[in-house]
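I have placed the structure first, in the form of structure tokens, so that the comments after it can refer back to it.
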Amino acid sequence: DTAVSQTPKYLVTQMGNDKSIKCEQNLGHDTMYWYKQDSKKFLKIMFSYNNKELIINETVPNRFSPKSPDKAHLNLHINSLELGDSAVYFCASSQQLSQETQYFGPGTRLLVL
Amino acid sequence: GDSVTQMEGPVTLSEEAFLTINCTYTATGYPSLFWYVQYPGEGLQLLLKATKADDKGSNKGFEATYRKETTSFHLEKGSVQVSDSAVYFCALSGNTPLVFGKGTRLSVIA
Numbered sequence: 030d031t032a033v034s035q036t037p038k039y040l041v042t043q044m045g046n047d048k049s050i051k052c053e054q055n056l057g058h059d060t061m062y063w064y065k066q067d068s069k070k071f072l073k074i075m076f077s078y079n080n081k082e083l084i085i086n087e088t089v090p091n092r093f094s095p096k097s098p099d100k101a102h103l104n105l106h107i108n109s110l111e112l113g114d115s116a117v118y119f120c121a122s123s124q125q126l127s128q129e130t131q132y133f134g135p136g137t138r139l140l141v142l
Numbered sequence: 042g043d044s045v046t047q048m049e050g051p052v053t054l055s056e057e058a059f060l061t062i063n064c065t066y067t068a069t070g071y072p073s074l075f076w077y078v079q080y081p082g083e084g085l086q087l088l089l090k091a092t093k094a095d096d097k098g099s100n101k102g103f104e105a106t107y108r109k110e111t112t113s114f115h116l117e118k119g120s121v122q123v124s125d126s127a128v129y130f131c132a133l134s135g136n137t138p139l140v141f142g143k144g145t146r147l148s149v150i151a
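Chains as they are written, first to last, in our numbering: chain E, 30 to 142; chain C, 42 to 151.
Right under this line is the structure:
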């Protein structure tokens with residue numbers, strides 16, 4: 030059983046399009062995250078939700094909009110995709126916001142052409 | 042704010058060599074410390090963790106000791122294998138979610 034799952038695994042799209050990435054966790058965790066990993070493997074947190082409420086919103090273009098319909102799901106919608114959005118996006122979850130192990134999904138590899 | 046500094050890679054070792062990846066941190070209070078590993082094409086996995094000073098985390102032959110006096114959490118393994126080739130991330134969590142280092146790529150050659 031996959032603890033944190035993401036779909037799709039790969040996403041290739043044209044500049045200007047709108048796309049969504051879905052994330053689900055079956056660990057019963059209260060907190061979920063989105064990270065962006067660039068080509069140099071640097072990880073940057075984008076958003077964090079705790080019990081469906083937005084807790085962390087780092088400096089991310091407002092073209093990126095997270096949505097949490099329930100505690101087990103955190104989706105990421107991206108409008109007007111740009112070349113610089115090409116990266117690997119990871120979803121993660123943890124029981125609480127701090128001092129906790131985070132469990133990561135397998136990643137979504139986004140390529141914007 | 043909290044930060045993590047880890048040695049830059051890439052690190053290339055022969056099979057059965059000794060591995061050390063240095064990690065130091067800056068944080069207020071008493072954070073938990075973590076090492077995560079990312080194998081090619083996969084997400085991050087927790088490798089080991091330590092939650093208080095002098096704790097030693099260990100897993101799969103890897104070890105790291107929480108050293109408060111030197112604010113360090115160096116990762117070590119006595120004999121690496123080709124299957125250990127991956128990117129290793131040091132991280133801390135205090136009153137905030139995980140803060141990651143920049144990652145160290147390890148390549149082990151037979």
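Using N, Cα and C, we set each Cβ at its ideal position, and we do this for glycine too. Predicted, not measured: the structure shown is a model, and the values here were computed from it.
Residues bridged to residue i (per DSSP)
i: leucine 139 of chain E; result: E:Leu40, E:Ala116
i: glutamine 122 of chain C; result: Partner(s): none; glutamine 122 of chain C has no beta bridge.
i: glycine 98 of chain C; result: C:Ala105
i: lysine 65 of chain E; result: E:Lys73, E:Tyr118
i: tyrosine 129 of chain C; result: C:Val78, C:Thr145
i: histidine 58 of chain E; result: DSSP, once it has assigned bridges, lists no residue as partnering histidine 58 of chain E.
Residue i versus residue j - alpha carbon distance
i: phenylalanine 59 of chain C; j: lysine 109 of chain C; result: 24 Å
i: serine 49 of chain E; j: valine 128 of chain C; result: 27 Å
i: tyrosine 80 of chain C; j: tyrosine 132 of chain E; result: 15 Å
i: glycine 147 of chain E; j: asparagine 55 of chain E; result: Any answer about residue 147 of chain E is impossible in this case: the structure gives chain E only from 30 up to 142.
i: isoleucine 85 of chain E; j: glutamate 111 of chain E; result: 23 Å
i: lysine 70 of chain E; j: glycine 144 of chain C; result: 7 Å
i: glutamate 82 of chain E; j: valine 78 of chain C; result: 29 Å
i: glycine 45 of chain E; j: serine 109 of chain E; result: 4 Å
i: asparagine 80 of chain E; j: leucine 147 of chain C; result: 37 Å
i: serine 120 of chain C; j: glycine 57 of chain E; result: 37 Å
i: lysine 97 of chain C; j: valine 149 of chain C; result: 24 Å
i: threonine 92 of chain C; j: isoleucine 62 of chain C; result: 19 Å
i: glycine 113 of chain E; j: alanine 151 of chain C; result: 37 Å
i: glutamate 49 of chain C; j: threonine 112 of chain C; result: 18 Å
i: tyrosine 62 of chain E; j: glutamine 122 of chain C; result: 32 Å
i: alanine 101 of chain E; j: serine 127 of chain E; result: 18 Å
Close-in-space but distant-in-sequence residues of the same chain around residue i (CB under 7 Å, 5 per side omitted)
i: serine 115 of chain E; result: Leu139, Leu140, Val141
i: glutamine 125 of chain E; result: Asp59, Thr60
i: lysine 65 of chain E; result: Lys73, Met75, Ala116, Tyr118
Beta-carbon contacts of residue i that lie in its chain and below 8 Å, excluding the five residues immediately before and after
i: glycine 142 of chain C; result: Val45, Thr46, Gln47, Cys64, Phe130, Cys131, Ala132
i: aspartate 99 of chain E; result: Lys81
Beta-carbon proximity list for residue i, same chain, < 6 Å, skipping 5 on both sides
i: lysine 51 of chain E; result: Thr36, Asn104
i: alanine 94 of chain C; result: Tyr107, Lys109
i: valine 41 of chain E; result: Leu140
i: alanine 68 of chain C; result: Asp43, Leu133, Gly135
i: histidine 106 of chain E; result: Ser49, Ser94
i: glutamate 57 of chain C; result: Ser120
i: tyrosine 66 of chain C; result: Val45, Thr112, Leu133
i: aspartate 125 of chain C; result: Val149
i: tyrosine 78 of chain E; result: Met61, Ser97, Leu103
Touching by the beta-carbon criterion (3+ pairs, under 8 Å), the segment 122–135 of chain C and the segment 69–78 of chain C: yes
Sufficient close CB pairs (3 or more, under 8 Å) joining the segment 103–117 of chain C to the segment 83–94 of chain C: yes
Within 9 Å of chain C by C-beta, residues of the segment 37–68 of chain E in sequence order: Thr60, Tyr62, Tyr64, Gln66
Cβ pair count under 8 Å reaching 3, the segment 114–133 of chain E against the segment 110–121 of chain C: no
Positions along the segment 121–135 of chain E whose CB lies within less than 9 Å of some CB in chain C: Ala121, Ser123, Leu126, Ser127, Gln128, Glu129, Thr130, Gln131, Tyr132, Phe133, Gly134, Pro135
Chain E contacts made by the segment 58–76 of chain C, where a contact means CB separation under 8 Å: Pro72, Ser73, Phe75
Near-chain E residues of the segment 124–137 of chain C - C-beta to any C-beta below 9 Å: Val128, Phe130, Ala132, Ser134, Gly135, Asn136, Thr137
Meets three-Cβ-pair contact criterion under 8 Å: the segment 81–93 of chain E and the segment 44–60 of chain C: no
Where the segment 76–99 of chain E meets chain C: residues whose CB sits under 9 Å from a CB there: Ser77, Ile84, Ile85
Where the segment 82–112 of chain C meets chain E: residues whose CB sits under 9 Å from a CB there: Gly82, Glu83, Gly84, Leu85, Gln86, Leu87, Lys90, Thr92
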